[in-house]
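A.B. asks: Here it is, the structure in full.
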Amino acid sequence: MISFLIFIGVFLFMECVTWLTHKYVMHGFMWYFHEDHHQPKYEDTFERNDIFFVIFAIPSILLFYFGVQGGFNYLFFIACGVTLYGACYFLIHDVLIHQRFKWFKNTKNKYLIGLRKAHKIHHKHLGKEKGECFGMLFVPFKYYKM
Numbered sequence: 001m002i003s004f005l006i007f008i009g010v011f012l013f014m015e016c017v018t019w020l021t022h023k024y025v026m027h028g029f030m031w032y033f034h035e036d037h038h039q040p041k042y043e044d045t046f047e048r049n050d051i052f053f054v055i056f057a058i059p060s061i062l063l064f065y066f067g068v069q070g071g072f073n074y075l076f077f078i079a080c081g082v083t084l085y086g087a088c089y090f091l092i093h094d095v096l097i098h099q100r101f102k103w104f105k106n107t108k109n110k111y112l113i114g115l116r117k118a119h120k121i122h123h124k125h126l127g128k129e130k131g132e133c134f135g136m137l138f139v140p141f142k143y144y145k146m
C-alpha cells in the first residue's frame, strides 16, 4: 500500500515540479533551449526544447537503477511515478496539444479541450516574459468552461 501511495504522490507532485521548472527554468536561465518551442512554426522534427526530455529522463533512470538494486525499494516507486507523469506529459503536450504525432486530432473530451486551450494561452506569448498556464495536467477551471 505504501508503494502505491508513493507512486501516486510522486505522480501528483510532478505537476508542481513541472510548473516550477517551466516557469523558472525553461522561461528563465534555460530559455535558449525552450525559445524555439514558442515560435509559431518549427520545421524540424526535433527542437532544442526536446533536451528537457533527456534532462528529466536521467533522474528517472537513476531512480529505477538504484530502486531495483535496493530490492525494489521506494526509489523504484518514485521512478514509476516520475515515468508515468512523463508519459502523460508526452501524450498531452506533444501528441494532443502540438500534434507532433497525429493520434488524437478530434477529441470532444472537455478536460482535454481545456488543457489545449490553456496551453494555447501559454503560447500566445512568444517571449519568456508574461507567461501563464505553466502546468500541464491541471490548469485553471476557467479553460474548461470557455
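FYI, the numbering for the sequence shown is 1 to 146, going by the UniProt record's numbering. A virtual CB, placed ideally from N, CA and C, is assigned to each residue, including glycine.
Using DSSP with H/G/I as helix, E/B as strand and the rest coil, what is W103?
C.D. replies: If DSSP states are grouped into helix, strand and coil, W103 belongs with coil.
A.B. asks: Output the boundary residues of the alpha helix (DSSP H) element that contains C80.
C.D. replies: Element bounds for C80: Y74 to Y89.
A.B. asks: Do F56 and G67 have their C-beta atoms within less than 8 Å of each other?
C.D. replies: No, they are not a contact pair.
A.B. asks: Could you give the residue range of the alpha helix (DSSP H) that holds Q69?
C.D. replies: From DSSP, the alpha helix (DSSP H) with Q69 extends over I51 to Q69.
A.B. asks: Taking one C-beta from the stretch 16–32 and one from the stretch 129–143 each time, how about it: are there three or more such pairs within less than 8 Å?
C.D. replies: With a cut-off of 8 Å, the stretch 129–143 and the stretch 16–32 count as touching, because enough Cβ pairs lie within range.
A.B. asks: Could you spell out where the alpha helix (DSSP H) holding F33 opens and where it closes?
C.D. replies: Its alpha helix (DSSP H) spans residues W31 to H34.
A.B. asks: According to DSSP, is V139 helix, strand or coil?
C.D. replies: Three-state result, V139: coil.
A.B. asks: Report the rounded CA-to-CA distance for K120 versus V95, giving the unit in angstroms.
C.D. replies: Cα to Cα, K120 sits roughly 14 Å from V95.
A.B. asks: Could you have a look at C16 and say whether DSSP puts it in helix, strand or coil?
C.D. replies: In this structure, C16 counts as helix in the three-state DSSP scheme.
A.B. asks: DSSP three-state label for M26, please.
C.D. replies: Helix.
A.B. asks: Where do the ends of the alpha helix (DSSP H) carrying I97 lie?
C.D. replies: Run containing I97: none; DSSP gives neither H nor E here.
A.B. asks: Ignore the nearest five residues each way along the sequence and tell me which others in W19's own chain have a CB closer than 6 Å to its CB.
C.D. replies: Same-chain partners within the cutoff: F134 and G135.
A.B. asks: Just the Cα atoms here: how many angstroms apart are F138 and E15?
C.D. replies: When rounded, the distance between both Cα atoms is 7 Å.
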